[in-house]
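In order, the protein sequences belong to chains A and B.
Just so we're aligned, residue 1 is where the first sequence starts under the numbering used here, counting upward by one.
Just so we're aligned, residue 1001 is where the second sequence starts under the numbering used here, counting upward by one.
Note that beta-carbon positions come from the ideal geometry of N, C-alpha and C, so glycine has one too.
This structure is a prediction, so every number in the text was calculated from the model and none was measured.
What follows is a short report on a single structure.
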Amino acid sequence: MKLAQLSSLIRSKNAGPFVLTFDIMFPDEQSYLRVKRSGVLNAALFASLYRCRPETVHFFECDNALAFKFSIPRVIFQGDLGDADLHGGQQFMPLVDIEVP
Amino acid sequence: MEEIRFIAAIGAMGGGIHAESLDEAMAQEPHFIAADAGTTDAGPYSLGSGQSAFPREMIKQDLALLLRAGKRAGIPVLIGSAGTAGGDVHVEWTLDIAREVAKENDLAIRTAVIYSEQNKSYLKTLLRENRIRPLEPAPPVDEAVIDRSIRIVGMMGVEPLQHALEGGADFVLAGRCSDSALYAALPILRGFPAGLSWHAGKVSECGTMAAETMGKGVILGRIRRDHFIIRPFGPGLRCTPQSIAAHTLYENADPYLHKESSGTLDLSKSIFEAVDDVSVRVSGSALIPSEAYSVKLEGAELVGYQSIIVGGIRDAFLIKRFDSWLAGVRERIEAGVAKVFGDRLSKSQYHLEFHVYGRDAVMGRLEPDRTSLPKEIGLVLEATAPTQEIATTIALLSRQPLLHHPVPEWKGAITTFACLHNPAHIDRGPVYRFTFHHVALPQNQEEMFRTEFINIGNPVYETSAAL
């Protein structure tokens, strides 16, 4: 099943001008735990999807929020020349089709 | 005091406070009202230009609602990060609006104004003493960056707000300020646990965004000795343990640890429980005091001036060979610029950027799918240069190459680019970038912020005393 089918929200956003953060949220514990136990979400996968070094990826499993979080340094800092997503809100699509076993 | 109550009136001043919900929540007899007015999320323009990202009229409406409600109940109103960026000019702009509100509503308001803009020679001293430390990731900072920055602000914690409240302020108007500090200041001053106070602030500072579905309304917080309760007031609003737990993820790099001036808020042991259908009880949050008091710095510098051209391409032959076509366009523009400016403008002194909408404009190099061909391309050219005159000239020089750069499939004169506007270019004026992702370690908690007490409104008598 695709990650988007199990989750209630997949979003990206600035966490300040220098960091991008990604939240994957679930409607119920069952869906959250299914993804958590599958182990499919991890820093290495994220690093390959977002072409960054795995050691720059901060990955969190937030049980009480039924959510996963990834944070990475911005490739171009917010608002600097070449930045085309000032609020960082449209960077999440590579996560949508992740296949959850 | 068994509990302290507050209202978080809105997530961002100028968004339009919901008056009915505010009235309803006021019946719960809160001890203070607060609202945050700033953010870096709007980008570096506000800090660089000195302007607010919200219209004056909307700030005035929201400020009038809060100052009237505060005065009626006899409780303080706190506004942080005035004018979006919290520089001195932003504080003055907001103070001017507050004076107008006070006068029009016949209110006499004892106001504490807290300035957070930083003196450059002071910052250079800190830098030399290794008291400016980078956060991760940070742009490089040296004395030249300090000089180049138009404005640099320090983000205050609870301490300057507490001094203002102790000084008897009805209205605390703060420059750049931690959003959560607005809510934590008075509870901590009254002896409530710092961890719960900061966490209650963190949950509330975005207003009803902490509810399951965001909507019109306000948040009422009750902080007690061993827990706090968050309840929304507004049509159909509901907070659930999940919505409150999830809110601390929003716009934060780390969901559990949040750095503030005086310590790190640790939410890893927080417990979220439903009180009823709409309210949530939170316990277990802690503030781990830091060894050194730190103040986050934000600065903005001028990058240059910009002109842009917006248009589109529908030609399927051109789209098939888009990269090579665009490379040809760029070459011709650069040749044109070299011809006009010669030695007066080197290639490193200006910047040409193309955003290719329909292909990869939004994600740039992170775009995973660059192979499928779009039917139509939206193209935005940005020319950035040291002066507006030069940026405009580069945009003017760009129009012909965009319009007529050849496509091999077609013989004869062609027009390759659909301009959206006439004139084709738009002058954008100055553009800025953020210059700091650092903290300063001051010698003491006071030296980076300046507080003035003034009386605004009627009766008009103004005295000023630095605290």
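Check whether chain B comes within 8 Å of residue i, counting only Cβ atoms and requiring the distance to be less than that.
i: A/Lys-69; result: yes
i: A/Arg-51; result: yes
i: A/Lys-13; result: yes
i: A/Pro-101; result: no
i: A/Ala-65; result: yes
i: A/Val-96; result: no
i: A/His-33; result: Reading off the sequence, residue 33 of chain A comes out as Leu, not His. Chain B, which has no Cβ nearer than 8 Å to the Cβ of A/Leu-33, makes this no.
i: A/Leu-184; result: Here chain A comprises residues numbered 1 to 101, so residue 184 of chain A is not present and cannot be evaluated.
Chain A beta carbons: is any one of them nearer than 8 Å to that of residue i?
i: B/Tyr-1461; result: Residue placement at B/Tyr-1461 is flagged as unreliable, the pLDDT there being 48, under the threshold of 50; a coordinate-derived value is accordingly withheld.
i: B/Gln-1445; result: no
i: B/Pro-1137; result: yes
i: B/Ala-1465; result: At B/Ala-1465 the pLDDT is 47, less than 50, meaning the model places this residue with poor confidence and gives no usable figure here.
i: B/Met-1001; result: no
i: B/Tyr-1432; result: yes
When the Cα of residue i is compared with those of the options, which residue comes out closest?
i: B/Ser-1346; options: B/Arg-1321, B/Leu-1366, B/Thr-1384 and B/Gly-1299; result: B/Thr-1384
i: B/Val-1141; options: B/Asp-1036, B/Val-1439, B/Thr-1240 and B/Gln-1445; result: B/Val-1439
i: A/Lys-13; options: B/Pro-1442, B/Lys-1216, B/Met-1363 and B/Pro-1374; result: B/Met-1363
i: B/Tyr-1122; options: B/Pro-1442, B/Glu-1452, B/Phe-1453 and B/His-1090; result: B/Pro-1442
i: B/Ser-1348; options: B/Asp-1369, B/Asp-1254, B/Leu-1326 and B/Gly-1304; result: B/Gly-1304
i: A/Gln-30; options: A/Phe-22, A/Ser-7 and A/Arg-11; result: A/Ser-7
i: B/Asn-1455; options: B/Ala-1037, B/Ala-1169 and B/Ile-1313; result: B/Ala-1169
i: B/Leu-1403; options: B/Ile-1309, B/Ile-1390, B/Tyr-1350 and B/Leu-1373; result: B/Ile-1309
i: B/Leu-1302; options: B/Ile-1333, B/Arg-1151, B/Thr-1451 and B/Ile-1033; result: B/Arg-1151
i: B/Asp-1369; options: B/Ile-1377, B/Tyr-1250 and B/Asp-1360; result: B/Asp-1360
i: B/Ser-1294; options: B/Ala-1316, B/Lys-1259, B/Lys-1320 and B/Ala-1338; result: B/Lys-1259
Going straight from the alpha carbon of residue i to that of residue j, what length do you get?
i: B/Lys-1120; j: B/Thr-1435; result: 13 Å
i: A/Phe-46; j: B/Ala-1246; result: 21 Å
i: B/Leu-1165; j: B/Pro-1423; result: 54 Å
i: B/Glu-1367; j: A/Leu-49; result: 9 Å
i: B/Ile-1017; j: B/Glu-1057; result: 13 Å
i: B/Leu-1095; j: B/Phe-1341; result: 46 Å
i: B/Arg-1281; j: B/Gln-1162; result: 26 Å
i: B/Asn-1252; j: A/Gly-16; result: 8 Å
i: B/Ala-1274; j: B/Arg-1238; result: 11 Å
i: B/Glu-1136; j: B/Ser-1307; result: 32 Å
i: B/Ala-1012; j: B/Ala-1184; result: 17 Å
i: B/Gly-1358; j: B/Leu-1381; result: 14 Å
i: B/His-1090; j: B/Gly-1457; result: 20 Å
i: B/Ile-1079; j: B/Leu-1022; result: 16 Å
i: B/Leu-1065; j: B/Ala-1019; result: 7 Å
i: A/Val-57; j: B/Arg-1344; result: 44 Å
i: B/Glu-1002; j: B/Pro-1076; result: 19 Å
i: A/Asp-97; j: B/Leu-1063; result: 45 Å
i: B/Lys-1060; j: B/Ala-1102; result: 10 Å
i: B/Pro-1187; j: B/Ile-1223; result: 8 Å
i: A/Val-40; j: A/Pro-101; result: 8 Å
i: B/Glu-1159; j: B/Gln-1445; result: 7 Å
i: B/Arg-1225; j: B/Ala-1082; result: 31 Å
i: A/Ile-24; j: B/Thr-1393; result: 46 Å
i: B/Met-1214; j: B/Gly-1236; result: 10 Å
i: A/Gln-78; j: B/Glu-1117; result: 21 Å
i: B/Phe-1317; j: A/Leu-81; result: 30 Å
i: B/Val-1356; j: B/Ala-1418; result: 14 Å
For residue i, does the three-state DSSP call read helix, strand or coil?
i: B/Gln-1349; result: helix
i: B/Ser-1285; result: coil
i: B/Ala-1292; result: coil
i: B/Ala-1466; result: Here the model assigns B/Ala-1466 a pLDDT of 43, short of 50, so the residue's position is not dependable, and the following value carries that caveat. Correct three-state label for B/Ala-1466: strand.
i: B/Ser-1149; result: strand
i: B/Ser-1307; result: strand
i: B/Arg-1438; result: It should be pointed out that residue 1438 of chain B corresponds to His in this sequence rather than to Arg. If DSSP states are grouped into helix, strand and coil, B/His-1438 belongs with the strands.
i: B/Phe-1449; result: coil
i: B/Tyr-1122; result: helix
i: B/Pro-1406; result: coil
i: B/Tyr-1461; result: Note on B/Tyr-1461: pLDDT 48, under 50, position unreliable in the model; no value is reported.
i: A/Leu-86; result: coil
i: B/Met-1209; result: helix
i: B/Asp-1315; result: coil
i: B/Asn-1455; result: strand
i: B/Gly-1358; result: coil
i: B/Val-1340; result: helix
i: B/Met-1058; result: helix
i: B/Pro-1401; result: helix
i: B/Ser-1268; result: coil
If contacts are defined as beta-carbon pairs under 8 Å, then residue i and residue j qualify, I think. What distance do you get, rounded to the angstrom?
i: B/Lys-1296; j: B/Gly-1284; result: Actually they are not in contact, since the Cβ atoms of B/Lys-1296 and B/Gly-1284 sit about 26 Å apart, beyond 8 Å.
i: B/Gly-1175; j: B/Gly-1087; result: 7 Å
Compare the C-beta of residue i with all C-beta atoms of chain C and state if any pair is closer than 8 Å.
i: A/Met-25; result: The structure shown contains no chain C; the protein chains it does contain are A and B.
At a cut-off of 7 Å, is residue i close to the ligand MG when judged by its beta-carbon and the heavy atoms of the ligand?
i: B/His-1405; result: The ligand MG is not part of the structure shown, which contains no ligands of any sort.
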